[in-house]
Ligand code: AMP
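Numbering (the numbering used here), first residue to last: 1 to 461.
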């Protein structure tokens, strides 16, 4: 299928074709025509499926076709995101896809100077991307008006609820005009999401292309049982052998910093991403990771949510999450859009309860790695504990072979990324058709993205 049959105008079709997209992804195929009719939608889609273009393209079209002029401080389309990183990414997409449209857009989030944001808003904008806190601050300061919003997008609504934004969302919603189009995106259709959708949307068209089916299916999972005080050594050894980029999840901000420090001392270039970092530090960490300058990013669940990183080969659960659903969110960061991926969990004996809860949710056991001893060559020689200021002396980390330099592979990785992006998305489309045939059981299948993805986790590739 081509983009032009979705009802998009020529300039937008040209833009996506220049971006290298040859065909719409499943969520784009389903969402774009519905959004163009002006209806509300409730869509199950997570980052990595092409959902951003799925709503940005029709919004650009709707706003550029209706010539309504926004007044000072007014906004025509409001996009709410849970994290600053996602807000910045969505804004980048608007700039990319909207190059040929004469629309004004901006992004606002906390952690950075508010004055430039006030100045941009003073003239009014067509599209505003915002995190809830900063939006409310600016509204309270009378720097913006929400009475002319025509389209309201709630991106990653499930995460918004997890992060406790429900009151902020309700407050923001109460400031919007009653007549507007609502587009709600969530990774899951939980009861709380449906309740929220009832108050925000008007007879929404439900879109569930089960994108996570194909994404998650390609992920191989392993559990490595490792004593708590040897986790960092295990990980550094694993990463040297793996020699590709990895996203490592830590349960706490402090733990993320501690681990990043240890890995850096072991000569593995690592950045940390969490809510205690300044916005500049967060942006730099993310840029370094996205541009392949850093091999590893250690992140907390909230900070990593929604970040679009192409073709991430490895996700590591350094700590298991307390909320079992977060496990599924975490491992969904690899094997994106049809690519294969590996997710490993380094599990210490005290995490038995969390592991049981995850396996209960997944309705099955995650394979235990049989080859730990090979992977962590020399682990038994190393007795280092993970303490805040303990450096790993380089000479004490033994390897069966000289570690390849991470930077050596950078050019190759970049080439592979560029050439395979489209293939992956397209193959996800095809893959999805196959998944529908192979992974759905007629009796047990419920049409929820989450349910189907959980079942498909056991199609270990
Ligand atoms: P998203 O899920 O919106 O974060 O998008 C994930 C990635 O897919 C982004 O890097 C987009 O540039 C890319 N993408 C979006 N739509 C397509 C498409 N139709 N074909 C190929 N790549 C796409």
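We put the beta carbon where it would ideally sit given N, CA and C, even for glycine.
Everything numeric in this text was worked out from a predicted model, so none of it was measured.
In the DSSP annotation of this structure, the continuous segment of the alpha helix (DSSP H) that includes residue 14 starts and ends at 10-18. No Cβ-Cβ contact shorter than 8 Å links residue 155 with residue 190. At a Cβ-Cβ threshold of 8 Å, residue 270 and residue 298 count as neighbours. Between the stretch 224-238 and the stretch 271-278 there are fewer than three C-beta pairs closer than 8 Å, too few to call the two in contact. Comparing alpha carbon positions, the residue from 253, 164, 342 closest to residue 219 is 342. Boundaries around residue 140 are those of the alpha helix (DSSP H), 132-140, since no beta strand (DSSP E) includes it. Three or more beta-carbon pairs separated by less than 8 Å link the stretch 285-298 to the stretch 255-271, which places the two stretches in contact.
The DSSP-derived three-state label of residue 160 is helix.
For residue 175, the three-state secondary structure derived from DSSP is helix. Residue burial annotation: residue 141 is exposed, with fewer than 16 other C-beta atoms found within 10 angstroms of its C-beta.
In the three-state reduction of the DSSP assignment, residue 107 falls in the strand class. Inter-segment contact for the stretch 180-196 and the stretch 29-48 is present: three or more beta-carbon pairs are separated by less than 8 Å. In the structure shown, residue 340 adopts coil according to DSSP, grouped into three states. Pairwise C-beta distances place the stretch 12-22 in contact with the stretch 55-62, as three or more of them are shorter than 8 Å. Between residue 181 and residue 38 the beta-carbon gap is near 6 Å, inside 8 Å, which marks them as a contact. For residue 186, the enclosing beta strand (DSSP E) covers residues 181-186.
A direct Cα-Cα distance of roughly 21 Å separates residue 304 from residue 242. Secondary-structure assignment with DSSP links residue 273 through a beta bridge to 299. One Cα belongs to residue 278, the other to residue 257, and the distance between them is close to 13 Å.
Going by beta carbons, residue 283 and residue 250 fall outside the 8 Å limit. If the five residues before and after residue 107 are omitted, its C-beta is found closer than 8 Å to the C-beta atoms of 87, 88, 90, 91, 128, 129, 130, all from its own chain and listed in chain order. Take residue 175, set aside five residues on each side of it, and the residues of its chain with a beta-carbon closer than 6 Å to its own are 146, in chain order.
Assigned with DSSP and collapsed to three states, residue 149 falls in coil, not helix or strand. Counting along the chain, residue 244 sits inside no beta strand (DSSP E), nor does DSSP assign it H or E at all. A direct Cα-Cα distance of roughly 8 Å separates residue 33 from residue 8.
With respect to the C-alpha of residue 118, the residue from 244, 247, 135 having the closest C-alpha is 135. Taking non-hydrogen atoms of ligand 1 into account, the C-beta of residue 81 is found less than 7 Å away from none of them. Here the alpha carbon of residue 281 sits roughly 36 Å from the alpha carbon of residue 362. A buried status is given to residue 81, since no fewer than 16 other beta-carbon atoms sit within 10 Å of its beta-carbon.
Straight through space, the alpha carbons of residue 209 and residue 245 are spaced by roughly 29 Å. Comparing alpha carbon positions, the residue from 309, 351, 357 closest to residue 325 is 357.
Not one heavy atom of ligand 1 sits closer than 7 Å to the Cβ of residue 44. Counting the other CB atoms within 10 Å of its CB gives residue 201 a total of 16 or more, which places it among the buried residues. DSSP, read as helix, strand or coil, puts residue 197 in helix. Taking residue 239 as reference, the option from 41, 31, 315 with the minimal CA-CA separation is 315. Per the C-alpha coordinates, the member of 116, 327, 289 positioned closest to residue 360 is 327.
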